Amino acid sequence: MASTTDTLLEKLDGLRARFEETATLITDPAVIADQARYVRLTREYKELEELMQARTEYATLLRDLDEAKTLLLTESDPGMKEMAREEAARCEAALPAMEERIKLMLIPKDPEDAKNAILEIRGGTGGDEAALFAGDLFRMYAKYCEHRGWRLEVSSASEGAVGGFKEIVCSVTGDGVYGTLKYESGVHRVQRVPQTETQGRVHTSAATVAVLPEADAFEVSIQEGLIKWDTFRSSGAGGQNVNKVESGVRLRYPWRNPNTGETEEILIECTETRDQPKNKERALARLRTFIYDREHQKHKADIDSRRKTLVSTGDRSAKIRTYNYPQGRITDHRIGYTIYNLPAFMDGDIQDCIDRLIVAENAGRLREAEL
356 MASTTDTLLE KLDGLRARFE ETATLITDPA VIADQARYVR LTREYKELEE
406 LMQARTEYAT LLRDLDEAKT LLLTESDPGM KEMAREEAAR CEAALPAMEE
456 RIKLMLIPKD PEDAKNAILE IRGGTGGDEA ALFAGDLFRM YAKYCEHRGW
506 RLEVSSASEG AVGGFKEIVC SVTGDGVYGT LKYESGVHRV QRVPQTETQG
556 RVHTSAATVA VLPEADAFEV SIQEGLIKWD TFRSSGAGGQ NVNKVESGVR
606 LRYPWRNPNT GETEEILIEC TETRDQPKNK ERALARLRTF IYDREHQKHK
656 ADIDSRRKTL VSTGDRSAKI RTYNYPQGRI TDHRIGYTIY NLPAFMDGDI
706 QDCIDRLIVA ENAGRLREAE L
């Protein structure tokens, strides 16, 4: 235990100078004026502050344990020895969990985990049934976001012929959204009897979920003069004003892919609100996120190839979960997790599954870091 203790304290003490440096930098007017640097340093300061607090708690446990052991050796009063024995047992029980917590905190975090997210759900194989399932997934995530106190706003949606969605795109804002929802990226498969099935046969359909970190304005360079804007009347629910006023916006933007050198036109629509400026703002946010995601794909692929132990690689072509309605069963294929509470799961009770995915990823990160 002494070796682990010494190593952790050395690492934490080595970060103290950087913590004090960032504390000074984030109050520097020149740094505050540089928005990108200020945001980066503020996030670093918050992480280091948590580490320094953990270091204080850890050092206190070690000191209390040392004092209790000294009392056990020197105290003659039975009552005091018993109190010292209980204190030593408390500290020894708490130290392993504290050490694991610090080890995880010492592993560099994905800087994107703290960001908001763009959630995209698309019906895959299965036609009308796939669209219905995409609608079920949207309601599941909407309920989950409600439980977490996050704000979910629909940017655009294309409804299926018999219900659900061919495609729905949302923005999710809150604390640590991307770091949690990123585990949902991939192919979700459903096995059930479709509403359109007359003979009661179970069909298999699928929907894809993509969770992208929302790019901050300063992270992506966009030449707004190249954007071509169109406006149109929204359709669907929302009252007469939505249908009569051209509040829907469509942008076209020529983007050169730095990885291939090819230029492609990005097309984004936003029809959610009755306020055209708000729709433009949301369309621009999606454009920034799209470009950020595409420009970082090669970088992310390189990271993923080195981190094959992790579960959140975000491979959108990989089947990650099966929802079996006849058996009321849900299976997450990445970690072999199976439960039989499908109604509650579809009602947004997905935290336990996400927690297990986080544990699996953290175990892989610890092995990778050799802490």
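Just so you know, we're using the working numbering here: the sequence shown kicks off at 356 and counts up by one. Every residue, glycine too, gets a C-beta built ideally from N, C-alpha and C. Keep in mind that this is a model prediction, so the values were computed, not measured.
- Non-local C-beta neighbours of residue 620 in its own chain, meaning closer than 6 Å and more than five positions away in sequence, comprise 607 and 609, ordered along the chain.
- Distance from the CA of residue 520 to the CA of residue 698, rounded to the nearest whole angstrom, comes to 20 Å.
- The stretch 683-720 is shown to contain whole alpha helix (DSSP H) runs of 4 or more residues at 697-701, in chain order.
- Under the three-state reduction of DSSP output, residue 543 falls in the strand class.
- Measuring C-alpha to C-alpha distances from residue 473 to each of 510, 464, 481 and 503 identifies 510 as the nearest.
- Straight-line spacing of the CA atoms in residue 557 and residue 548 works out to 4 Å.
- For the pair residue 622 and residue 605, the CB atoms are nearer than the 9 Å cut-off.
- Between residue 711 and residue 462, the C-beta spacing is not below 9 Å.
- The residues 403 and 407, in chain order, have a CB closer than 6 Å to that of residue 374 in the same chain once the five nearest residues on each side in sequence are set aside.
- Between the stretch 480-499 and the stretch 519-533 there are three or more inter-stretch CB-CB distances shorter than 8 Å, so the stretches are counted as touching.
- Nearest to residue 411 by C-alpha distance, out of 550, 718 and 453, is 453.
- In its chain, beyond the 5 residues on either side, 403 and 406 have a beta carbon closer than 7 Å to the beta carbon of residue 370.
- Counting the other Cβ atoms within 10 Å of the Cβ of residue 543 gives 16 or more, which makes it buried.
- Residue state for residue 612 is assigned as coil, using DSSP reduced to three classes.
- Judged by DSSP secondary structure, residue 429 falls within the alpha helix (DSSP H) whose first and last residues are 390-429.
- Residue 427 and residue 440 do touch by the CB rule: their CB atoms are close to 6 Å apart, below 8 Å.
- Between residue 400 and residue 364, the CB-CB gap reaches or exceeds 9 Å.
- In terms of CA proximity to residue 438, 422 leads the group 501, 559, 422 and 535.
- Among the bridge pairs identified by DSSP, residue 674 is matched with 542.
- Between residue 613 and residue 650 the beta-carbon gap is near 6 Å, inside 8 Å, which marks them as a contact.
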